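The sequence shown begins at 3 in the numbering used here and counts up one residue at a time.
Here's the structure, in structure tokens; my notes come after.
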Amino acid sequence: MSTGYVAVQWSRHKRLYDASVAIGIAIYLGAFVGVSKAFWAGEHGISDEVILIRALGSCAIVLLHIILCIGPLARLDPRFIPILYNRRHLGVITFLVALAHATVAVGYYHGFGVLNPFRSLLTSNTNFSSLRAFPFEILGLLALLIMFLMAATSHDFWLKNLSASTWKRLHMLVYFAYGLLIGHVALGALQADRGSIGPALMFSGLCIVSGLHIAAGLKEYRKDRGAGTLVVDAGEWVDVGAPDEIPTDRARTVCAPKGERIAVFRSAGSISAVTNICAHQGGPIGEGKVIDGCITCPWHGWQYRPQDGCSPPPFKEKIATYQVRIVGGRVQVNARPLPPGTPTTPALASGGLS
Ligand code: HEM
Ligand code: FES
3 MSTGYVAVQW SRHKRLYDAS VAIGIAIYLG AFVGVSKAFW AGEHGISDEV
53 ILIRALGSCA IVLLHIILCI GPLARLDPRF IPILYNRRHL GVITFLVALA
103 HATVAVGYYH GFGVLNPFRS LLTSNTNFSS LRAFPFEILG LLALLIMFLM
153 AATSHDFWLK NLSASTWKRL HMLVYFAYGL LIGHVALGAL QADRGSIGPA
203 LMFSGLCIVS GLHIAAGLKE YRKDRGAGTL VVDAGEWVDV GAPDEIPTDR
253 ARTVCAPKGE RIAVFRSAGS ISAVTNICAH QGGPIGEGKV IDGCITCPWH
303 GWQYRPQDGC SPPPFKEKIA TYQVRIVGGR VQVNARPLPP GTPTTPALAS
353 GGLS
């Protein structure tokens with residue numbers, strides 16, 4: 003929540019998170035190298051460099067799968083939200099592990115010829131029309147470039163300066179990078195008898211990632227159909243339910259006729275509505291709660307005042323607000339969003355028109 007560049011603010015939670023990830027990576031790499039050396043011993047032995055390339059590459063791909071699963075897991079079960087907090091740290095760490103994999107691979111496979119290793123990487127294999135001899139490393143290189151772009155713009159400074167929607171679009175490229183990496187691993191395995199364990203694990207990972215995304219999408223679709231479907235007054239007002247059906251300091255999320263989600267909060271006897279989309283990274287505001295009088299996003303804790311959607315000073319973020327009213331003992335929200343930061347009159351949970 004800052005307009006200028008502020009260095010990463012380390013907290014105990016972030017240090018603990020990063021230390022756990024570093025320890026996990028060290029254990030993974032140690033186990034991978036140990037098991038590979040034991041398995042590929044004797045006349046079928048493979049060099050330490052190749053084992054290291056595979057250990058780093060598979061470690062990066064495991065981390066990438068974890069990153070892709072965290073979002074849908076947090077939507078399916080709020081207990082996963084704490085691991086979502088520092089997902090960007092995980093992204094930067096994944097890029098560094100992938101960079102180490104690529105550096106060792108380029109050094110080992112392209113570092114001993116007369117050509118500059120990077121030039122050799124780009125020019126030594128141009129069999130783009132052959133599946134069996136496809137230059138699979140180029141796919142890895144493209145994925146690495148995308149991961150670099152994402153890691154380099156992961157700081158809130160870029161989120162603010164690129165605008166939330168451009169930043170989000172840029173970071174959605176992770177799915178394109180993932181597709182490139184599926185090609186990198188599958189086509190790489192077709193060469194030099196690398197075996198089918200890599201592609202088999204990649205396929206299982208793809209099933210898990212897509213399964214979780216489909217399950218999370220279905221959950222939200224059902225939720226949208228189950229709430230706020232009753233539209234009254236020329237399609238402008240959406241029924242939310244009785245005031246006491248909204249838990250204290252929490253929200254009920256409804257879906258407007260055009261599909262946007264609205265979070266309707268009840269706190270201190272008042273009812274107010276804001277967009278369900280957080281200005282930070284699009285987190286589901288309606289799954290957050292009111293803390294110290296402010297709606298608090300469940301993902302990274304950005305806060306907004308219920309009555310005008312503005313972050314408390316010194317922050318300057320704003321989100322769209324909606325008009326609310328109580329008619330016949332039912333809360334109704336106007337489906338038309340007001341410009342971000344527009345003050346509204348909260349409805350009194352005990353009052354209303356009959
Ligand atoms: C310039 C970029 C890259 C180059 C030159 C490169 C090169 C290679 C090479 C040569 C192999 C085959 C290793 C062997 O078995 O002999 C390989 C495999 C692999 N790479 Fe990359 N790679 C790059 C980027 C990436 C990235 C960004 C990732 C993941 C984030 C990745 C993940 C993998 C995986 C999972 C394998 C299969 C490992 C296994 O079979 O156990 N690579 N890569
Ligand atoms: S998405 Fe990060 S605080 Fe809301």
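Beta carbons: idealized from backbone N, C-alpha and C, even for Gly.
It should be emphasised that the depicted structure is a prediction, and the values quoted were computed from it without experimental measurement.
* Asked: For the alpha helix (DSSP H) that Asn-163 lies in, which residues bound it at each end?
  -> As a first step, residue 163 must be located in the sequence shown, where it is residue number 161. Its alpha helix (DSSP H) spans residues 158-164.
* **For Leu-350: DSSP bridge partner residues** => The residue labelled residue 350 in the question sits at position 348 within the sequence shown. Its beta-bridge partners are Ser-272.
* So is Tyr-223 buried or exposed if we call it buried at 16+ other beta carbons inside 10 Å? -> The residue labelled residue 223 in the question sits at position 221 within the sequence shown. So Tyr-223 counts as exposed.
* Any heavy atom of the ligand FES closer than 8 Å to the CB of Gln-309? -> Numbered from its first residue, the sequence shown carries residue 309 at position 307. Because no heavy atom of the ligand FES lies under 8 Å away, the Cβ of Gln-309 does not count as near it: no.
* Asked: Does the pairing of the segment 170-190 with the segment 56-70 give three or more beta-carbon distances under 8 Å?
  -> yes
* To do: Leaving out five residues on either side along the sequence, give the residues of the same chain with a beta carbon under 7 Å from the beta carbon of Pro-345.
  => Your numbering for residue 345 matches position 343 in the sequence shown. For Pro-345, where only same-chain residues beyond five positions count, the Cβ hits under 7 Å are Gln-309, Asp-310.
* Leaving out five residues before and five after Gly-93 in sequence, what residues of the same chain have Cβ atoms less than 7 Å from its Cβ? -> Residue numbering aside, residue 93 sits at position 91 when the sequence shown is read from its first letter. Same-chain partners within the cutoff: Ile-69, Met-152, Ala-153, Ser-156.
* To do: Could you tell me whether the segment 189-202 touches the segment 293-301, where touching means 3 or more Cβ pairs closer than 8 Å?
  => no
* Counting Cβ pairs closer than 8 Å, one from the segment 236-252 and one from the segment 268-280, do we hit at least three? -> yes
* To do: Could you confirm whether any beta carbon from chain C is found closer than 9 Å to the beta carbon of Pro-341?
  => The structure shown contains no chain C; it is built from a single protein chain.
* Sequence-distant residues of its chain with Cβ nearer than 6 Å to Gly-354 (five each side left out) -> The residue labelled residue 354 in the question sits at position 352 within the sequence shown. With a pLDDT of 46 at Gly-354, under the threshold of 50, the modelled position of this residue cannot be trusted, and the question is left open.
* DSSP-derived helix/strand/coil call for Tyr-223 -> Stepping through the sequence shown from its first residue, residue 223 is reached at position 221. The answer is helix: DSSP assigns Tyr-223 an H, G or I state.
* For the segment 115-122 and the segment 162-178, state whether three or more C-beta atom pairs, one from each stretch, are separated by less than 8 Å. => no
* Measuring from the CB of Cys-296, is there a heavy atom of the ligand FES at a distance below 8 Å? -> Translated into the one-based positions of the sequence shown, residue 296 becomes position 294. Answer for Cys-296: no, Cβ out of range of the ligand FES.
* Specify whether the segment 135-144 and the segment 73-93 touch according to this definition: at least 3 beta carbon pairs, one from each stretch, less than 8 Å apart. => no
* Asn-336 bridges to which residues according to DSSP? -> The count along the sequence shown starts at 1 and reaches residue 336 at position 334. Answer is Trp-239, bridged to Asn-336.
* Are there 16 or more other CB atoms within 10 angstroms of the CB of Asp-158, so buried, or fewer, so exposed? -> The residue you call residue 158 lines up with position 156 of the sequence shown. Classification of Asp-158: buried, given that the 10 Å Cβ count is 16 or more.
* To do: Return yes when the C-beta of Arg-196 is under 8 Å from any heavy atom of the ligand HEM, and no when it is not.
  => The sequence position of residue 196 within the sequence shown is 194, counting from 1. Arg-196 Cβ: within cutoff of the ligand HEM.
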